[in-house]
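Presented below is the structure to which this report refers.
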Amino acid sequence: KPKPPATGSSVTYIVQSGDSLWKIANKYGTTIEQIRKDNKLTTDALTIGQKLIIYTEKKQTNKKEPGKIPGQKINQKPKKASSNNNIGNNEESLALLAKKSNISVEKVSSTQSTTVMYQIKAGDTLYSLAERFDTEVSELMTLNELKYPIAVIGANLQIPSDHVKRNQGIIVGAIDNTSIEVLINGTHQALEVSYGSSHNYQYEEGQQVVLTYTTGSDDHRPALVSVTQI
Numbered sequence: 003k004p005k006p007p008a009t010g011s012s013v014t015y016i017v018q019s020g021d022s023l024w025k026i027a028n029k030y031g032t033t034i035e036q037i038r039k040d041n042k043l044t045t046d047a048l049t050i051g052q053k054l055i056i057y058t059e060k061k062q063t064n065k066k067e068p069g070k071i072p073g074q075k076i077n078q079k080p081k082k083a084s085s086n087n088n089i090g091n092n093e094e095s096l097a098l099l100a101k102k103s104n105i106s107v108e109k110v111s112s113t114q115s116t117t118v119m120y121q122i123k124a125g126d127t128l129y130s131l132a133e134r135f136d137t138e139v140s141e142l143m144t145l146n147e148l149k150y151p152i153a154v155i156g157a158n159l160q161i162p163s164d165h166v167k168r169n170q171g172i173i174v175g176a177i178d179n180t181s182i183e184v185l186i187n188g189t190h191q192a193l194e195v196s197y198g199s200s201h202n203y204q205y206e207e208g209q210q211v212v213l214t215y216t217t218g219s220d221d222h223r224p225a226l227v228s229v230t231q232i
């Protein structure tokens with residue numbers, strides 16, 4: 003695979019199996035928006051063998067910036083996590099969840115403070131979920147009191163909320179088989195979903211919703227946990 007070029011240069015990248023704009027943007031220290039603009043893309047869908055020109059002239063360094071999210075505007079400083087979008091502290095989002103679940107806000111807050119609920123989809127396994135949500139199979143089994151590492155479709159699974167946020171946003175649409183694009187606070191972002199499920203979110207395109215998602219890291223993409231309609 004080609005290595006990131008020096009500042010001020012560009013590279014022709016050939017799309018490979020499993021690639022997404024988020025993954026490529028993260029690899030070269032650029033943004034999803036910049037790749038779209040430079041290649042005049044009208045969709046985030048990629049095809050194997052497709053050629054993309056990746057420019058890095060607007061970057062002063064090829065080193066990853068701590069906390070940098072692919073899709074974040076160039077030269078924009080990462081926003082610090084605030085109390086109004088951390089899990090368990092967003093009063094508006096908690097009220098929505100409480101109303102939907104027909105329980106008190108206090109109960110939602112107490113149960114959401116250390117874990118969040120994910121509904122298991124077709125194709126999910128405890129191993130794939132542990133990888134997606136940046137945790138361990140053993141931790142998922144402990145949290146959910148599971149004797150065996152088996153994921154049952156439709157069951158609710160508790161996951162750690164250490165790196166989880168909840169924000170209002172808009173679903174833009176599917177990117178590929180494992181990703182959807184959302185718009186949060188004016189910034190486009192890709193969120194990982196269960197394999198083959200991205201098109202299930204098409205019906206919510208353009209809708210304002212409450213998104214619960216992991217923030218991601220250098221080794222893990224941000225991943226969608228749940229969508230709550232407003």
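Per my numbering, residue 3 is the first one in the sequence shown, and the count goes up by one each step.
Ideal placement from N, C-alpha and C gives every residue a C-beta, glycine not left out.
Cβ distance (whole Å) where Y120 is taken to contact I161 below 8 Å: Confirmed, Cβ separation roughly 5 Å.
Spatially closest choice to I177 from T14, I152, T44, R168, by CA coordinates: For I177, the closest C-alpha among the options T14, I152, T44, R168 is that of T44.
Chain-order list of residues whose beta-carbon lies under 6 Å from that of P68 (same chain, five-residue window excluded): The pLDDT assigned to P68 is 43, lower than 50, so where the model puts this residue is not dependable, and the model offers no usable value.
7 Å Cβ shell around V139 - same chain, five flanking residues per side excluded: The beta carbon of V139 sits closer than 7 Å to the beta carbons of L128, Y129, A132, P151 from its chain, once the five residues preceding and following it are set aside; these are given in chain order.
Touching by the beta-carbon criterion (3+ pairs, under 8 Å), the stretch 46 to 54 and the stretch 13 to 28: Yes, since at least three Cβ pairs between the stretch 46 to 54 and the stretch 13 to 28 fall closer than 8 Å, the two stretches touch.
Option nearest N233 by Cα separation, candidates V13, N28, K29: Not covered by the structure: residue 233. The range shown for the chain is 3 to 232.
Residues bridged to E207 [DSSP beta-bridge criterion]: The secondary-structure analysis by DSSP pairs E207 across a beta bridge with I173.
Limits of the beta strand (DSSP E) - the one that E194 falls within: Where E194 is concerned, the enclosing beta strand (DSSP E) stretches over 189 to 194.
Member of E141, R168, T180 whose CA lies at the smallest distance from the CA of D126: Taking D126 as reference, the option from E141, R168, T180 with the minimal CA-CA separation is T180.
Option in T58, L159, V212, A225 with minimal Cα separation from D136: Looking at the Cα atoms, A225 is the closest of the given residues.
Helix, strand or coil at E183 [DSSP, three-state]: DSSP, read as helix, strand or coil, puts E183 in strand.
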